[in-house]
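One structure is given below, encoded as structure tokens.
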Amino acid sequence: MLLPLPRAARHLLPGACVVLGLTAGGGSPAAFANESSQATVLAAIREVWPQEHHDSAIRLAKLESGLSPTARGCAGACLGLFQIHYSANRRMLAAMGIDRPERLLDPVVNSAVAYEMFRQSGWRPWGGKP
640 MLLPLPRAAR HLLPGACVVL GLTAGGGSPA AFANESSQAT VLAAIREVWP
690 QEHHDSAIRL AKLESGLSPT ARGCAGACLG LFQIHYSANR RMLAAMGIDR
740 PERLLDPVVN SAVAYEMFRQ SGWRPWGGKP
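Start counting the sequence shown at 640; every next residue gets the next number (the working numbering).
What follows is the structure in structure tokens.
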């Protein structure tokens, strides 16, 4: 049985972005962008994964992508935070309503796919618990 995408993923349109407020303080625009991007990524993981797996999921995303939602590996075949291989998981992705590889660049969608893979196979798709 596949779970539907989490609430946040169902309502995001391709190309949509999440905007988080920044706290007051010094720093360059690039530093704010990095903090905002990382905060968005961490929020996406926490939105999808159960609390008891937050730390492991975040460690895994750091190992796989450096917490970059646009990371590409495996000669471009593995995408996003958790480096999901689109072709190898096409059937599961289609069942989740993910019809093209670019959708995996959305951190909420990528986190939802990774969690579904975890539900089905534990940490095995990534070679073991991070």
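For each residue, glycine too, the CB sits at the ideal point set by N, CA and C.
Between which two residues does the alpha helix (DSSP H) holding Ile697 run? His693 to Ser704
Local Cβ density within 10 Å of Cys717, reported as buried at 16 or more and exposed below that: buried
Residues that Gly712 bridges to, as DSSP identifies them: Gly712 pairs with Cys717.
What's the gap between the Cα of Asn679 and the Cα of Pro764? Asn is not the amino acid found at residue 679; the sequence shown has Thr there. Cα to Cα, the separation comes out at about 24 Å.
Out of curiosity, what's the CA-to-CA distance linking Ala725 and Pro746? According to the sequence displayed, residue 725 carries Tyr and not Ala. One C-alpha to the other measures close to 15 Å.
Grab me the residues of Ile697's own chain with a C-beta within less than 7 Å of its C-beta, minus the 5 sequence neighbours each way, in chain order. Leu681 and Ile684
Just to confirm before moving on: does the CB-CB distance between Ala771 and Ala700 stay below 9 Å? The question about residue 771 has no answer here: the residues shown for the chain are numbered 640 through 769.
Ile684 (DSSP reduced to helix, strand or coil): helix
Using the Cα positions of Trp762 and Leu743, report the straight-line distance between them to the nearest angstrom. 19 Å
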